[in-house]
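A.B. asks: Heads up: the sequence lines are chains A and B, in that order. Here the first sequence stands for residues 1 to 489, where the numbers follow this note's numbering. Here the second sequence stands for residues 490 to 1136, where the numbers follow this note's numbering. Even glycine gets a Cβ: it sits at the ideal position worked out from N, Cα and C. One structure, as structure tokens, below. Some questions next.
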Amino acid sequence: MNLLSLLIILPLLGALALLLLPRASDRAARGIALATTLVTFAVSVVLFASFRATAEMQFVERVAWIPQLGISWYVGVDGLSILLVMLTTFLMIIAIGGSWNGITERVKEYHILFLLLEAALIGVFVALDLFLFYVFWEFTLIPMAFLIGIWGHGRRVYAAIKFILFTMLGSTLMLVAMLVLVFANRDATGALTFALSDLLKTPVPLALQPILFAAFALAFAIKVPMFPFHTWLPDAHVEAPTAGSVILAGVLLKMGTYGFIRFNLPLFPEAARSFAPILVVLALIGIIYGALVSIVQKDIKSLVAFSSVSHLGFVMLGLFALNAQGMSGGILQMVNHGLSTGALFLLVGMLYERRHTRLIADFGGVAKVMPIYAAFFLLVMFSSVGLPGLNGFVGEFLILVGAFRANVWYAAFAATGVVLSAIYLLWMYQRAMAGPITREENRTLKDLSPREIALLAALAVFIIWIGVYPRTFLDPIQTSVANLLGMIN
Amino acid sequence: MTNYLWLVPALPLAGTIINAIFSRKMPRWLVSIIGVGSVGLSFLVVLTQFIALLDSDEPHRVINVSLYTWIPVSDFKIDVAFLLDPLSAIMLLVVTGVGFLIHVYSVGYMAEDENYGRFFTYLNLFVFSMLILVLGNNYLLMYVGWELVGLCSYLLISFWFHKPAAAAAGKKAFVTTRVGDFGFGLGVLLIFATFGTLNFDQVFHAAPQMFAVGAPVMTIITLLLFAGAVGKSAQLPLYVWLPDAMEGPTPVSALIHAATMVTAGVYMVARSHELFALAPLSSEIVAWTGALTAIFAATIALVQMDLKRVLAYSTISQLGYMFVGVGVAAYGAGIFHLMTHAFFKALLFLAAGSVMHAMGGVIDMRRLGGLRGIMRWTYLTFFAAALAIAGVPLFSGFFSKDEILAAAFGSGHIVLWAIGLLTAGLTAFYVFRAFFLTFHGAPRWETEHATRPTGHASQDAQHAAVHPHESPAVMTVPLAILAVLAALGGFVGMPSVMGHNWIAEFFHPVFGAHEAHLPPLTEWLLMGASVAAGLVGIATAYWFYLARPEIPVRLAARWSGIYDLLWHKYWVDEIYSALLVEPGRRLAMWLWQSVDVGTVDGFANGLGRTVAGASRVLRGWQTGYARAYALMMLIGTVIVIGWLMLR
């Protein structure tokens, strides 16, 4: 069987197994979910190991689905998507493992939704048929909205609806744009097809490019989220359960940035070039604005959420520098952000499970009672700050090299984000983790359990690996990046 | 021999990893052996490399060793590769040699600390990072080491993180130096954009061929690099983090904030001397920044009462000297002073730490005094270091400081020379003021000791002894060794009128053989002037603090405006807070509350409310069942597709 189809089907099978076990205990449900994610990850490792660093699509499977409309089950993977597939399968393990004790209600349903989400996310990253992509794209929405709405915190319903509305607004436009694109293509070639590879064969008319680019871009920009479409994000994160935040920040946001490189850039190259400065400026605003707003957050989770706006600004800056370093850095930084922000949300969640608060002011001196936790916190924090030797630096610096080559000022503005990220994270650490213990409740906090250590250690391995030897992850994407740039320039 | 160069950083790294993971389960002696031993072995490897370098003839004293390719993306290709040459060799000797002594000392100093393992983990990580900084053969690897030492500085300043002041100081250090690194980072990017490479040898080879002296690009590159140096080496206007960094354990102050890390900026400028040679304006700015910082910090040190802070301002001031040296193109002299300073300043700090150790954490000189008879070794070694920094002839600081001043004079920078000379006098004064206040006179601690508030006991104060005592041998032996180095270390760089300047010659493969020589008479006169300045400073300190202690009190009252200005360190921290920190925080708050919550999100919510109002009309459609929505979506989609197909 095709490995990619297998990757999509495995989580579905896991979900089905959970569904068919009506009397499954919570423990069994967790076990099945975890086993499913582990097997899926193992399969993705096989995929990665047999991935060749060429520009072509690999592990392609194409089966007609609705032939009358030219829609097919068409999947494949290349350098632009391989890392995101790996990130998804890896973070899913962390998400399931991270909610082992935190989720006690409707455990079965919770895990079914997560497995559905995994299938949909993998589908998004491997779909090569526009309609199939759209189906997966929309399908990620449902489990995520339920995860926020049911297992979330205080204003969870507001957050879930906001999340749905924002995303739907964009994706509706995207659907219309897809249809226009497909029928324009039919008018030009006589063939009705949703397959990306077919659509790429015929250049999109210059007159259509800007409007289609804008429609796609809006859908993706909301997802990223780019300033000023970001306000759904802090709400969604603050209200989402921990694992939901891990996946939301770690993977779901990457659907947006991925959409840009998979569709916007190759389909509308001329428009991409002329729109690039606008997107870069928005990215730069996002970098600085997100960082500044992070500084004054009182809730650790919304601090991390706003920091995502800043970090995703870096990714967008890299992608739209439209050169090899920027784009490679941008793609690698998607993974880096997934790892470090995922880890940050996990860490915040661990604290929340113990104290049922996320306000910085409720903590102080935690490092004294939770030294192992503090050590991981430091590592993840500095990964997020972009400290050399850890993953964030490699991506960030490549992006800056790319930005510098595109325009000196891009890099100069973006580099201020490097200073600001140190301010908001270190200040938060100073208040929450250092200092004397100010609240009695914090005096008895328990340090990490072996399960929690294992989860964080797994993240730490990749945080250090990418920092010290990024070639494992950079080399496979080079030719695809070069190929894509060749299509634009 | 260079096959083993990688061991130099690898050994401390191994120490870090082992202690990081296992130190909680290991006995202390094992933690010490791993922590101290790894740096000791690293020092031995450095010695073999150094000897190999001495054995080879001059042209072969520059060796590049590549380990692996780190980041290759298209034409951007960075190797993890090391450069061994006379400059990095001297730095390696200082880092591992002085570093080893401070590690040994820490075994005694930190003996009672509950986080002993964590301390050595961080300390080894620092040595590793500093070695990467020094060994890197390209700007990016240097930047890596540069940031990593910043991390270690942060971790070690806030080592006693339960003290709010320590936690705040660590953050301040990291953020302030990052402001400088913003420039350094852009400088690295500009170097790559200009030369297409970041490797030292390629950049330095290409620069003189591509650019004439004074080319704007070279000026911009060197100024951006220097911005990083200003942050890391605590120069005006970014020096403010270093005095606060004294919240860290004293061995950290000695190793990181005196002997090694803070000198990284000097090393960086010296390493980039080919670039600075093409940017006379930048060199001029380097020299002036150094001179102004030197005298500025020295004046603050005149009145401070915290012994460690006096030494901190002294470090800032001495770093200023080094920048004067490298700014007037006397690169060898700058590095020479870096080396002697590492000896005597590390010694001053360690001796101060020994005093703290003895006094149960007291470091306020108003509560010291009369320790001369009780702490013989500490007293004598501090004395040796004080003589060295005051520039008393034949002590190490005399040679190196004199070489810098002579170079400033010789290159026509008479004003810089005069500032340096005045600073030399101030230096001698404040160091001997500290020396007399701490070790001489009547003890000021017996009476106060009994009433010392117990709740205030800091970690430093945990080994509080009722009676001051000399420190154990594990601390005094490193003091003694450093004292020998501080006393005699200068003889490797004697001025030409006195003998052979070995170190200048050793640097020839890096800096070239263009040291200017002044006429002997001028050189003797300059030397006499600096000696005189130093002796006047010492004599004044003696007069003020031993002979006539009422004089400084009277002076402070008489010139209270100036005294207050110095005592409050020119109010710089307060000014920064009012002009930068507070407005920044308010801007962020405004962005969040008004722009984000108010405008952007308010717009989205308002839109939502409008739609909700409008859709009240369509309420009948809203059944609340997901399947109904799904059906409607499906119908809608089919209609759209159908219309498009049939049109």
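#1: Say whether chain B places a C-beta atom closer than 9 Å to the C-beta of A/Lys-162.
#2: Hey, out of A/Ile-466, A/Phe-268, A/Ser-302 and A/Ile-372, whose CA is closest to A/Ile-331's CA?
#3: Since A/Leu-484 contacts A/Leu-265 with CB under 8 Å, what's their CB separation in whole angstroms?
#4: What does A/Thr-231 reach in chain B if we use C-beta pairs closer than 8 Å?
#5: Indicate whether A/Gly-233 and B/Ile-560 have their beta-carbon atoms separated by less than 9 Å.
#6: To which residues does DSSP link B/Ser-761 through a beta bridge?
#7: Is the distance from the Cβ of B/Ile-680 to the Cβ of B/Phe-609 below 9 Å?
#8: Assign A/Thr-193 to one of three DSSP states: helix, strand, or coil.
#9: Excluding the five sequence neighbours on either side, which residues of its own chain have a C-beta within less than 6 Å of the C-beta of B/Val-817, listed in chain order?
#10: In this structure, does DSSP put B/Asp-795 in helix, strand or coil?
#11: What do you reckon, is the C-beta of A/Pro-225 under 8 Å from a heavy atom of the ligand MN?
#12: Scan the region 639-673 of chain B for residues whose Cβ lies nearer than 7 Å to a Cβ of chain A and list them as they occur along the chain.
#13: State the CB to CB distance for the pair A/Val-418 and B/Arg-550, rounded to an integer number of angstroms; the pair is presumed to be in contact (CB under 8 Å).
#14: For chain A, find out if any of its Cβ atoms is closer than 9 Å to the Cβ of B/Met-1078; answer yes or no.
#15: Got a sec: is the Cβ-Cβ distance from B/Phe-833 to anything in chain A below 9 Å?
#16: Taking only beta-carbon positions, decide if B/Thr-464 is within less than 9 Å of chain A.
#17: Could you check which residue in A/Leu-10, A/Met-178 and A/Pro-277 has the C-alpha nearest to that of A/Leu-199?
#18: Let me make sure I understand the geometry here. Which of B/Asn-553, B/Leu-572, B/Gly-588 and B/Ile-510 has the alpha-carbon closest to that of B/Leu-533?
#19: Just to make sure I have the definition right: I need the residues of chain B whose C-beta is within less than 9 Å of the C-beta of A/Ile-295. Which are they?
#20: Give the straight-line distance between the Cα atoms of B/His-938 and B/Gly-849, rounded to the nearest whole angstrom.
#21: Which residues in the same chain have their Cβ closer than 6 Å to the Cβ of B/Ser-512, if we skip the five residues on either side of it in sequence?
#22: Is A/Lys-368 close to chain B? Criterion is C-beta to C-beta, closer than 9 Å.
#23: Would you please verify whether the beta carbon of B/Val-584 is less than 9 Å from any beta carbon of chain A?
#24: Exposed or buried, which one is B/Met-750 when buried takes at least 16 other CB atoms within 10 Å?
#25: By Cβ distance, which residues of its chain are closer than 8 Å to A/Thr-341, with the 5 residues on each side in sequence left out?
#26: Using a Cβ cut-off of 7 Å, pull out every chain B residue sitting near A/Phe-404, in sequence order please.
#27: Is it true that the region 686-694 of chain B meets the region 438-452 of chain A, where meeting means three or more beta-carbon pairs spaced less than 8 Å apart?
#28: Give the single residue among B/Val-1086, B/Ser-577 and B/Met-631 whose Cα lies nearest to the Cα of B/Gln-538.
#29: Please report the distance separating the alpha-carbon of B/Val-1061 from that of B/Tyr-1052.
#30: For the alpha helix (DSSP H) that A/Pro-431 lies in, which residues bound it at each end?
#31: Within 10 Å of its beta-carbon, does B/Pro-575 have 16 or more other beta-carbons around it, so buried, or fewer, so exposed?
#32: Does any C-beta atom of chain A lie closer than 9 Å to the C-beta of B/Ile-789?
#33: Expressed to the nearest angstrom, what Euclidean distance is found between the alpha-carbon atoms of A/Ala-411 and A/Gly-402?
#34: Between the region 283-307 of chain A and chain B, which residues of the former have a C-beta closer than 7 Å to a C-beta of the latter?
#35: Expressed to the nearest angstrom, what Euclidean distance is found between the alpha-carbon atoms of B/Asn-627 and B/Arg-760?
#36: By Cβ distance below 6 Å, which residues in the same chain neighbour B/Ser-531 in space, the five residues on each side in sequence not counted?
C.D. replies: Per the coordinate set shown:
#1: Judged by the 9 Å Cβ criterion, A/Lys-162 is in contact with chain B.
#2: Minimum Cα distance to A/Ile-331 is reached at A/Ile-466.
#3: Yes, A/Leu-484 and A/Leu-265 are in contact; Cβ-Cβ is about 6 Å, under 8 Å.
#4: Ordered by position in chain B, the residues that pass the 8 Å Cβ test against A/Thr-231 are Asp-1085, Val-1089, Asp-1090 and Ala-1093.
#5: Note that residue 233 of chain A is Leu in the sequence shown, not Gly. The answer is no: Cβ separation not under 9 Å.
#6: In the DSSP output, where bridge partners are listed per residue, B/Ser-761 has none listed.
#7: No, these two residues do not count as a Cβ contact at 9 Å.
#8: A/Thr-193 falls in the coil class under three-state DSSP.
#9: Around B/Val-817: Ala-776, Ala-896, Ala-897, Ser-900 and His-902.
#10: In the three-state reduction of the DSSP assignment, B/Asp-795 falls in the strand class, which pools E and B.
#11: This structure simply doesn't include the ligand MN, nor any ligand for that matter.
#12: Within the region 639-673 of chain B, the qualifying residues are Leu-640, Ser-647, Phe-650, His-651, Pro-653, Ala-656, Ala-657, Lys-660, Phe-663, Val-664, Arg-667, Val-668 and Phe-671.
#13: For A/Val-418 against B/Arg-550, the beta-carbon gap comes to about 36 Å, at or over 8 Å, which does not count as contact.
#14: It does: the Cβ of B/Met-1078 has a partner Cβ on chain A nearer than 9 Å.
#15: Using beta-carbon distances, B/Phe-833 does not count as an interface residue toward chain A, since no partner is under 9 Å.
#16: Because chain B is modelled from 490 through 1136, residue 464 of chain B falls outside the range shown and cannot be assessed.
#17: The option with the nearest alpha carbon to A/Leu-199 is A/Met-178.
#18: Residue B/Gly-588 is the option with its Cα nearest to B/Leu-533.
#19: Ordered by position in chain B, the residues that pass the 9 Å Cβ test against A/Ile-295 are Gly-1073, Arg-1074, Ala-1077, Met-1078 and Trp-1081.
#20: Because B/His-938 carries a pLDDT of 47, less than 50, the predicted location of this residue cannot be relied on, and the following value inherits that uncertainty. So the alpha carbons of these two residues sit roughly 10 Å apart.
#21: Contacts found: Val-520 and Gly-606.
#22: At a cut-off of 9 Å between beta-carbon atoms, A/Lys-368 makes contact with chain B.
#23: Not one chain A Cβ lies under 9 Å of B/Val-584.
#24: B/Met-750 should be labelled buried.
#25: Apart from sequence neighbours up to five positions away, the residues of its chain that approach A/Thr-341 with a beta-carbon distance below 8 Å are Ala-249, Gly-250, Val-304, Ser-307, Ser-308, His-311 and Ser-384, ordered along the chain.
#26: Going along chain B in sequence order, the residues near A/Phe-404 (Cβ under 7 Å) are Leu-678 and Ala-682.
#27: Contact between the region 686-694 of chain B and the region 438-452 of chain A is not established, with fewer than three Cβ pairs separated by less than 8 Å.
#28: Comparing Cα-Cα distances from B/Gln-538 to each of B/Val-1086, B/Ser-577 and B/Met-631, the minimum goes to B/Ser-577.
#29: Cα to Cα, B/Val-1061 sits roughly 15 Å from B/Tyr-1052.
#30: According to the sequence as given, residue 431 of chain A is Arg; it is not Pro. Run containing A/Arg-431: 408-432, per the alpha helix (DSSP H) assignment.
#31: By the 10 Å Cβ count, B/Pro-575 comes out buried.
#32: When Cβ-Cβ separations below 9 Å define contact, B/Ile-789 makes no contact with chain A.
#33: Here the alpha carbons of A/Gly-402 and A/Ala-411 stand approximately 8 Å from one another.
#34: From the region 283-307 of chain A, only Tyr-289, Leu-292, Val-293, Ile-295 and Val-296 have a Cβ closer than 7 Å to chain B.
#35: Spanning the two alpha carbons is a distance of roughly 10 Å.
#36: Cβ neighbours of B/Ser-531 beyond the five flanking positions: Val-497, Leu-500, Pro-501 and Thr-585.
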